[in-house]
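**Student:**
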Amino acid sequence: MRKNERLLIYPYNMEFTPVLRHRSLLMGYEISCLVAPNGWGFTGKDAGIADRGPDIGISVAADFEKSLDLCDTVMIIKSHLPFDFDKYIFNKIKLAVKLKKNIICSLKLDREAIKEISSMCNCEGVYFKYFDGTQNVLPEEIVIDNESIEEIDTPVILTVGISEKTNKFEIQLALREKIQKLGYKISQIGTRSYCEMIGFHSFPSFMYGNAISDVNKVLMFNRFIKKIEKTEEPDIISIGVPGGIMPLNRKFTNNFGLFAFEISQAVVPDVVIASMLYEDYKPEGFDTYTNLIKYRLGFEVDFFNIANMQFDWKRANQEHVRSYTSLDYRFIDEKKMKYSSNNIPVLNILNKSDSNFMADQAIKKLVGYADVQIV
Amino acid sequence: MNSFIHMFKTPGGHYLYDVNKNVILRLSEDQYKILDYKNNDDTCKCTSEFSSQAIESIEHLRDLGFLSEKRPKEMYHPLNDTILSHLNNKVNMITLQITKQCNLRCKYCVYSGDYENRVHSNEKMALDTARKGIDFYIEHSKDNEYGFLAFYGGEPLLEFEFIKNCIEYFEERAEGKNIHLNLTTNATLLTEEIVDYFQKHDVHLLISLDGSSEVHNRNRVYRDGNKGTFEKVMENLGMIKTKFPDFLSNNIAFNAVLDPQNEFSCVNTFFADFELAKEASIMASEITDLYRKDTVKTSEKYISEIEYENFKIFLSKLGYLNEKYTAKLLSMQYNERKTRYRLLQMRQEIPDKIHHGGPCVPGAQKLFMDVDGNFYPCERVSEASPQMKIGNIDYGFDIDKIRILLNVGKISENKCINCWALTFCNLCAVAADENDGLSMEKKVSKCSSTKYSVDSLLKDICTLREFGAELGEEIYSFDMTE
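First to last, the protein sequences are chains A and B.
In this text, residue positions in the first sequence follow the UniProt record's numbering: the first is 1, and each later residue adds one.
In this text, residue positions in the second sequence follow the UniProt record's numbering: the first is 1, and each later residue adds one.
In structure tokens form, the structure reads like this:
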């Protein structure tokens, strides 16, 4: 049996915590150590501190050099806080390469840095894998003349966030793990650039940038899913939508929810999970969101999730910065109690019984479809 | 019950502030009079004196949702439920009181003996306490991209080696964050060695300088005798200008403590001509009344001069006066109007649970740690007040006390829920602090002056708007900047 590659994750932060919580999904890798800079306050603590969720059983180190002994490959990831590449990361990459460690990078780099790291890795005989969202399902230069949409016959589960930072990736991985355990074959498109390491597709790069018109993005995404359906023949397709579905206000616009709109035109989902930041919502407030999603994107919500994150309106108003306050996941458990009579379940994905409930109910709904056969 | 509104006039117009909607409406004179009569239960005059059209226009405002009588039901701070998360993850900064000793004996100083809360002493912080404080801060600011450490005294420069130790420890512990270092000083002890170190570590200094030699030396004198410190401060600033010119322009700000018994104009003239601080930021604060045994007296002349200078700033912002004729010391006045104007964001109605403006999140906003490792909401509060001691480096935050300070509106709830100025109120728990408990009477004794200030503020905003001031955010002009 081929031995898994041992990964050192740097700079470890909440962006990567969902992968740790579902690390059995990693394909050919295992996590050997997590390193975060001292100032982030994680040193010596369980990795669960990063997303304020339950403990994970791996602790976070601060000494990068010492931790290198324990890994084959260093994975450089994006961080939730601004983190200077030249000051903190580049030297660590150089050191790792010198010590014959492979480099995986999901952090966006400029061309110069990519070239330099590639060349260093070549010299030392190690590999450099850079995740830029490039997909190989469709040719990049596809021309679609026909403006009609292909019907997707496989049930689709769609995860959207009302705004950013709403634990969407945790939802996607929790569902994947559970659905696979139940014996179903799942094809998946996720909101991170390194989803291939977990056995599925990253959100395709053609959706970003201005090279392709919005109409063509919709059509290409539709064909992208259709192609995956045909080649992988899954029982379920799970799609995570990057970003948020709507502006928070005039200043924080979440790209006006354009991805969500484009995807909503490309596929018709069967199960929809809408995740939102924490606020002290009134129970009836969810009706507003249900209607908003229905009329903006055209589908009914099956589950709401409340993320253990709150937007920092004070900093937003005073300093014009996007900042969040992270909340202990058990706080969400307490707060969601008041929504127990809501028609649409309001859940906390970091609570194991909620994530099980979400997966079970989603499967139940989809299995119910199979009882009715339309010819 | 009456509409929850506040009515006011400027020389140019009639207005109401609708508390529920949180907006100011411009009214016609007739509309103003009708509402005035109605709010005074004089409805007979309304129907007899005014046209049906004017009365209908008021009804139209009601149809649009304005003039609601709704009051909030309780004072409950919106961050009350998530306070633990703020304290665990989002502590903004830590200020270390590294010594209670000072080489000066400023006559208005909070340590001077005129105040209930502090006296000078030889106490100083142990390095281990400072390190624990820094560790505590790092541990409790996980959501922040920056790390902010400030030094306070007494005079912190009496302990330069200690400061160096703290800075180097902080730089190591805060790795990965944007580091900000700040030190409040009287500037008499600055040497080349100190400034060189501060320049290398990008330390920002807030220097206390009250004005000309005559003004400054009146209050800011050495401990041993009555000699003023102005000449020494100037000598040190001269040294910085010669040897560290970048440090002078980038890292130094001045704070002038204004004595309201004096004239403002001589202080203003000094700073207008003050070559050494041409590019520096200059701010002014008045001698504080908080915890003072007597009250600070204010001269009529001082008030009229300040008001006149504010008026000139407004004229300048409206394009009627060159900025060079305005008081740099008061430049924040206009920005304060802008900040307050931005608070006027229309809403459906006032929530049932709300808290008046004023309280910060104690501990999370400006955590202050005294020489013994005790925590306080900021450096302004009384260290002699048990309710202000919100924790300790050894046992952490006292969450129950913090909740009481955060929800200080509870003690005057019946008044606050009916107060039109609650959104703009600036009273925090300090206003109620009697050193042996929080006093409702003490707090509400400040209500009339607070309401007067808010009324003036709203009038300023409306007057500025009448003359075309753009107080909102200029997103368009920002986009168009090349």
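Just so you know, even glycine gets a beta-carbon here, dropped at the ideal spot from N, CA and C.
1. If you run the structure through DSSP and keep just helix, strand and coil, what is residue 3 (chain A)?
2. Assuming residue 63 (chain B) is part of the alpha helix (DSSP H), what are its boundary residues?
3. Below 8 Å on the Cβ atoms is my contact criterion, and I expect residue 378 (chain A) with residue 156 (chain A) to pass it. Report the Cβ-Cβ distance as a whole number of Å.
4. I'd like the list of long-range same chain contacts for residue 187 (chain B), defined as Cβ closer than 6 Å, with 5 residues on each side in sequence excluded.
5. Along the beta strand (DSSP E) that carries residue 376 (chain B), what are the first and last residues, could you check?
6. Should residue 77 (chain A) be flagged as near chain B, meaning a C-beta pair shorter than 8 Å?
7. Spell out whether any CB of chain B is found under 8 Å from the CB atom of residue 81 (chain A).
8. Is residue 50 (chain B) close to the ligand COA? I mean its beta-carbon at under 7 Å from any heavy atom of the ligand.
9. Quick one: complete alpha helix (DSSP H) runs, 4+ long, within the segment 94 to 162 of chain A?
10. Indicate whether the contact test is met: 3 or more Cβ pairs, each with one atom in the segment 312 to 326 of chain A and one in the segment 287 to 296 of chain A, closer than 8 Å.
11. State yes or no: is the beta carbon of residue 12 (chain A) nearer than 8 Å to at least one beta carbon in chain B?
12. How many angstroms separate the CA atom of residue 425 (chain B) from the CA atom of residue 20 (chain B)?
13. Let me know the secondary structure DSSP gives residue 322 (chain A) once reduced to three states.
14. List the residues that DSSP assigns as beta-bridge partners of residue 26 (chain B).
15. Could you tell me whether the segment 126 to 136 of chain B touches the segment 153 to 161 of chain B, using the rule of 3 or more Cβ pairs below 8 Å?
16. Ordered along the chain, which non-local residues of its own chain (more than five positions away) have a Cβ less than 8 Å from that of residue 344 (chain A)?
17. At a Cβ cut of 8 Å, what residues of the segment 297 to 324 of chain B count as close to chain A, listed as they run along the chain?
18. Does residue 30 (chain A) come out as helix, strand or coil in the three-state DSSP assignment?
19. Which residues in chain A sit within 8 Å of residue 342 (chain B), going by Cβ to Cβ distance?
20. Less than 8 Å between the C-beta atoms of residue 395 (chain B) and residue 219 (chain B), yes or no?
21. Report the neighbours of residue 141 (chain B) on chain A: residues whose CB is nearer than 9 Å to its CB, in chain order.
22. If residue 60 (chain A) and residue 20 (chain A) are in contact, beta carbons under 8 Å, what's the gap, nearest whole angstrom?
23. Could you tell me the alpha carbon to alpha carbon distance between residue 242 (chain A) and residue 15 (chain A), rounded to whole angstroms?
24. Starting from the Cα of residue 461 (chain B), find the closest Cα among B:16, B:52, B:247 and give me that residue.
25. For residue 89 (chain B), which residues of its own chain have a beta-carbon under 6 Å away from its beta-carbon, when the five flanking residues on both sides are left out?
26. Applying a beta-carbon distance threshold of less than 8 Å, which residues of chain B neighbour residue 325 (chain A)?
27. Who are the neighbours of residue 192 (chain B) on chain A, taking C-beta pairs under 9 Å?
28. Residue 148 (chain A) to residue 219 (chain A), Cα distance in whole Å?
29. Any beta carbon of chain A sitting closer than 8 Å to that of residue 200 (chain B)?
30. Counting contacts by CB-CB distance shorter than 8 Å, is residue 173 (chain B) in contact with chain A?
31. Using DSSP with H/G/I as helix, E/B as strand and the rest coil, what is residue 482 (chain B)?
32. Extract the residue ranges of the alpha helix (DSSP H) inside the segment 325 to 394 of chain B, only unbroken runs of 4 or more that lie entirely within it.
33. Cβ of residue 31 (chain B) within 8 Å of Cβ of residue 68 (chain B)?
34. Give the straight-line distance between the Cα atoms of residue 140 (chain A) and residue 206 (chain A), rounded to the nearest whole angstrom.
35. Taking the continuous beta strand (DSSP E) assigned at residue 9 (chain B), which residues delimit it?
36. Can you have a look at residue 454 (chain B) and say buried or exposed, based on whether 16 or more other CB atoms are within 10 angstroms of its CB?
**Tutor:** Let me lay it out:
1. Note: residue 3 (chain A) maps to coil in three-state DSSP.
2. Note, residue 63 (chain B): alpha helix (DSSP H), 52 to 63.
3. The structure shown has nothing for residue 378 (chain A), since chain A only spans 1 to 375.
4. Counting only residues of its own chain and dropping the five nearest sequence neighbours on each side, residue 187 (chain B) has a CB closer than 6 Å to the CB of 207, 233, 236.
5. Where residue 376 (chain B) is concerned, the enclosing beta strand (DSSP E) stretches over 374 to 376.
6. Not closer than 8 Å to any Cβ of chain B, the Cβ of residue 77 (chain A) fails to qualify, so no.
7. Put simply, the CB of residue 81 (chain A) is near chain B, with a gap under 8 Å to one of its CB atoms.
8. The ligand COA is not part of the structure shown, which contains no ligands of any sort.
9. For the segment 94 to 162 of chain A, whole alpha helix (DSSP H) runs of length 4 or above, ordered along the chain, are 111 to 124.
10. For the pair of segments examined, the segment 312 to 326 of chain A was found not to touch the segment 287 to 296 of chain A: the number of CB pairs separated by less than 8 Å stays below three.
11. Residue 12 (chain A) does not count as touching chain B.
12. The C-alpha of residue 20 (chain B) is placed about 15 Å away from the C-alpha of residue 425 (chain B).
13. Coil.
14. Partner(s): B:15.
15. Pairwise C-beta distances place the segment 126 to 136 of chain B out of contact with the segment 153 to 161 of chain B, as fewer than three of them are shorter than 8 Å.
16. Correct list, in chain order: 286, 290, 301, 302, 303, 304.
17. Cβ contacts with chain A come from no residue of the segment 297 to 324 of chain B.
18. The answer is strand: DSSP assigns residue 30 (chain A) an E or B state.
19. Around residue 342 (chain B), the beta-carbon contacts reaching into chain A at under 8 Å are 317.
20. Inclusion of residue 395 (chain B) and residue 219 (chain B) in the CB contact set at 8 Å is not warranted, their separation being larger than that value.
21. Residues of chain A with a Cβ closer than 9 Å to the Cβ of residue 141 (chain B) are, in chain order, 39, 41.
22. Going by Cβ atoms, the distance from residue 60 (chain A) to residue 20 (chain A) rounds to 10 Å, so no, they are not a contact pair.
23. In a straight line, the C-alpha of residue 242 (chain A) is about 13 Å away from that of residue 15 (chain A).
24. Comparing Cα-Cα distances from residue 461 (chain B) to each of B:16, B:52, B:247, the minimum goes to B:16.
25. The beta carbon of residue 89 (chain B) lies closer than 6 Å to those of 142, 143 in the same chain, with the five residues before and after it left out.
26. Result: 82, 85, 86, 89, 90, 143.
27. In chain order: nothing, as chain A lies at least about 29 Å away.
28. Here the C-alpha atom of residue 148 (chain A) lies approximately 8 Å from the C-alpha atom of residue 219 (chain A).
29. For residue 200 (chain B), not one C-beta of chain A is nearer than 8 Å to its own C-beta.
30. Closer than 8 Å: yes.
31. Because residue 482 (chain B) sits at a pLDDT of 39, beneath the cut-off of 50, its placement in the model cannot be relied upon, and the point is left open.
32. As far as the segment 325 to 394 of chain B is concerned, its whole alpha helix (DSSP H) runs of at least 4 residues are 332 to 342.
33. No.
34. Cα-Cα distance, rounded: 7 Å.
35. Taken as a continuous stretch (DSSP letters only), the beta strand (DSSP E) holding residue 9 (chain B) covers 5 to 10.
36. Around the beta carbon of residue 454 (chain B), 16 or more other beta carbons sit within 10 angstroms, so the residue counts as buried.
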